[in-house]
Amino acid sequence: MSVADLHIIASSGFFDTLIETLFLESYNTRLVVLGTAFLGATAGIIGSFLLLRKQSLLGDALSHATLPGIGIAFAVMVALGGSGRYLPGLLLGATITGLLGVLLVLAIRRTTRLKDDAAMGIVLSVFFGLGVAILKIVQEIPSASAAGLDSFIYGKPASMIMSDLIIIGVTLLLTIVICLIILKELTLLCFDDSFASTQGYPTTFLDIILMGLVTAVTVVGLQSVGLILIIALLITPPTAARFWTNDLRKMLWLSAFIGGLSGWLGASFSAFFEDLPAGAIIVITAGIIFLISMIFGPTRGVLPRYLRQRQLKRQVGRQHILRSVYEIMEAEQESHPLKNLPISLERLRDHRVWSKGELPRLIRQARSEDHLERQPSGELRLSESGFGEASRITRNHRLWELYLIKHADIAPSHVDRDADMVEHILGAEMVHQLEAELELQEHTLESPHVIENETPPNAV
Amino acid sequence: MTWTEADTGILLVGVLCAMACALPGCFLLLRRMSMMGDAISHAVLPGLAIAFLISHSRASWAMFIGAAIAGILTALFTQWISKFGKVDRGAAMGIVFTTLFAIGLILIKKTADNVDLDAGCVLYGAIEFTPLDQVVLWENESSLLRVPRAALVLGGALLFNALVIGLFYKEFTLASFDPALARTHGFRPMLMHYLLMIMVAVTTVASFEAVGSIIVIAMLIVPPATAFLITRNLPLLIGLSLGLAALGAILGHLSSQLIPSLIGLPETTSSGMMATMAGFLFLLVWLLGPQGLLRKPKIEGIPEPGLPPKL
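Going down the list, the protein sequences come from chains A and B.
Under our numbering, the residue at position 161 of the first sequence is numbered 161, and the numbers go up by one with no gaps.
Under our numbering, the residue at position 247 of the second sequence is numbered 247, and the numbers go up by one with no gaps.
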């Protein structure tokens, strides 16, 4: 966009027009924006099942395989004396070769040593090549205007008319109804297809229904976003939705929402950049939503997962250092109850194996959490709250150790490390159950094994 | 039809292109990464557009560097998304390449609208026009040897691929069949992985002018897949792929000239028919090859019917 363009847009109230488009107030773009939003929602729902079935790229093969069908349908309709551009006819042709392509992928996979990826690559590229060749031939037919047939490749949302919107809307409704009816079967197919077939579910038939739905949305989407970019609508929204939830129902609605949002925003923006391919803008919008979801999605997003891991690491570190201090105090004192006396840094360092730089970091952390205090002499001493926390942690550790020794037959000399794997995530309820199971109520517990310094002896 | 110098040029370009693609294609197939060819061939588009923006020319070196970077980025992004986001590899690939392709489309529309990097050519190339751009190889009073510039570029790509595979044959083989063993022997399978990605990206760009970003997938995958149905021997696989690639390209051009004339129409595009013919060869081998579908299954160890079992 040049500076002059910007100037024109600014003077014509760019933002007013943008808002008008986004809120469907402008008649010109209402159809297009609604149509692409519906399309995105449909693709989002169907794509979710493809994603969970780990066959996202099958949509890729299918959409490329529709091209020869369009060319052949055109030629047949011209030969029959029709106009050749009759849309339902073209879409029927696209459906036939698209499904043929998917069947070929399945057949190659079943009858040869070739894998999924090769089968899809062969079908998509050969069918596309055939399609290009056929379109070129068709365009040479005298007396038939085939110009614009290749708009199916990139799509032209702006050419959408009322009947297209109705077709897309019906597809969306049908998809929702079918998915609601056979949700249980589709879920089982996606998560465990061999179990489904042993339970007597017709898995092949279910796969065919799924492929039929994919074909339907691809063919319906050909006109508006084109055969390459419809793939993005099938793959990106479900993958983005996956970061937000583990619940399939929620994921389906969310994926439909994200797909719809991508279509809505993308189509609105592209109304302003008419010289840019609209399909591309829709795809980039979906890509941005994906990126945001991948980073911030609460269930599987990268950032929340990182934060959870960091928190767990802090918790484990805190428990290690507090338990070590407690065990050292126990070893240094003969009398009960334990008195909160300071211990030396060297003693703590030698008590267990710390990774490089871990101990200073943990001491800093414990001091900032008010669990540990540094005495003027340089020794370390537990605070009031730290002492309580340390005795609780040590007690939990020993409870779990005793449980393992009694019920899992783990030797007392090995139990320390095994207990370490679980004790950090023991909840209060679990502790009560352990106490009941072991019939223990005392406030403090003796360690079931000898506590020794874990520092390996220095090399001789 | 009458054979012209242009036909020779197209044939040369097509054969070189198919052979240059078949070499990295063999290893893509063995590593079960054929769709990576699909992803990279789409995703080099923004690399090309940015290279064009920066260098303001269609100089080959800039294009190749741009494409190689885009190819590596595609592989990296795919790996990051599937690793950090715990996403299925296929889906990660699909997201990366469609988004990069969309960005590339917009960049091209904005920057190079009237250069021959137009959106249609991006997908299926313009092999018919390659003979127009000739380079003189050798000239004296009596003779003149000229080849299409695209043939020169593709010949270079073929040599480059042959050289890389020749140099790292052992490493590639091991990394394809057993990455874990390759790592324990210090062969750096990831390095081989990215080297393969670079080969695919460079070959894709070299083929861009002639066959575009989708038909190139046919050239990358279909001949090696066909050869894979015939042999299990790697050197033979590579040799057969090269032969099938050349055969497919030749048949493709011939059929593009001959088939439409059967119904009284002018010729169709050669690149599309080259992909179709490669697919046709695959179909033949699939049905009639050594383990073909239409062959009678021969199972050893099962006695002929009618003979009573020995007791």
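Here a beta-carbon is modelled for each residue, glycine too, at the ideal position from N, C-alpha and C.
Look at residue 354/A here: in three-state DSSP terms it is coil, with no helix or strand label. Under DSSP, residue 224/B takes part in no beta bridge, so it has no partner. Chain order gives the chain A residues near residue 293/B as 111, where near means a beta carbon separation below 8 Å. Short of 7 Å from the beta carbon of residue 64/A, and not among the five residues preceding or following it, lie these beta carbons of its own chain, in chain order: 124, 127, 128, 227. Contact between the segment 198-210 of chain B and the segment 71-78 of chain B is established, with three or more Cβ pairs separated by less than 8 Å. Annotation: residue 157/A has no Cβ neighbours in chain B at a cutoff of 8 Å; minimum Cβ distance is about 14 Å. In terms of CA proximity to residue 209/A, 185/A leads the group 185/A, 199/A, 232/A. If you check each beta-carbon in the segment 60-83 of chain B against every beta-carbon of chain A, the ones closer than 9 Å belong to 81.
Distance between residue 276/A and residue 289/A, taken at the CA atoms: about 20 Å. Below the 7 Å Cβ cutoff, chain B contributes 32, 33, 34, 35 as neighbours of residue 117/A, in chain order. Looking at the backbone, the Cα of residue 81/A and that of residue 166/A are separated by about 28 Å.
Legend: CB atoms of the segment 94-113 of chain B lying less than 8 Å from CB atoms of chain A belong to residues 94, 95, 98, 99, 101, 102, 103, 105, 106, 109, 110.
From the beta-carbon of residue 19/B, no residue of chain A is found nearer than 8 Å; the closest lies around 17 Å away. The beta carbon of residue 230/B lies closer than 7 Å to those of 240, 285, 289, 290 in the same chain, with the five residues before and after it left out. Taking all protein chains in view, the Cβ of residue 413/A is surrounded by fewer than 16 other Cβ atoms within 10 Å, so the residue is classified as exposed.
Counting C-beta atoms within 10 angstroms of its own C-beta, residue 4/B has fewer than 16 neighbours from the protein chains shown and is therefore classed as exposed. In this structure, residue 98/A lies away from residue 135/A, with their beta-carbon atoms at least 7 Å apart. Within the segment 275-287 of chain B, those residues whose Cβ lies closer than 8 Å to any Cβ of chain A are, in chain order, 275, 276, 278, 279, 282, 286. Leaving aside the five residues that flank residue 30/B on each side, the residues in its chain whose CB is nearer than 6 Å to its CB run, in chain order, 176. Straight through space, the alpha carbons of residue 23/B and residue 161/B are spaced by roughly 7 Å. With distances taken between CA atoms, residue 71/A lies nearest to 95/A out of 54/A, 52/A, 95/A, 60/A. Closer than 7 Å to the CB of residue 277/A there is at least one CB belonging to chain B. Not a single CB atom of chain B sits nearer than 7 Å to the CB of residue 254/A. By the 16-neighbour rule on beta-carbons within 10 angstroms, residue 259/A is buried. Using a Cβ-Cβ distance cut-off of 8 Å, the segment 253-271 of chain A and the segment 184-199 of chain A are not in contact, since fewer than three pairs of beta carbons, one from each stretch, lie closer than that value. Secondary structure at residue 55/A: coil, using DSSP grouped into helix, strand and coil.
For residue 401/A, DSSP records no beta bridge to any residue.
Counting along the chain, the unbroken beta strand (DSSP E) around residue 136/B starts and ends at 134-139.
Residue 146/B has 136/B as its beta-bridge partners, per DSSP. Of all residues in the segment 196-222 of chain A, none comes within less than 8 Å of chain B when Cβ atoms are compared. In this model, residue 199/B and residue 173/A are separated by some 46 Å (Cα to Cα). Its chain contains 133, 135 as the residues whose beta carbon lies nearer than 6 Å to that of residue 149/B, once the 5 sequence neighbours on both sides are disregarded; these appear in chain order. A Cβ-Cβ separation of about 17 Å leaves residue 57/A out of contact with residue 221/A under the 8 Å criterion. Considered as a whole, the segment 104-153 of chain A harbours 116-140 as its complete alpha helix (DSSP H) runs of no fewer than 4 residues, in chain order.
Here residue 44/B is buried: its Cβ has 16 or more other Cβ atoms, across all protein chains shown, within 10 Å. Separation of residue 324/A and residue 432/A (C-alpha to C-alpha, rounded to the nearest whole angstrom) is 24 Å.
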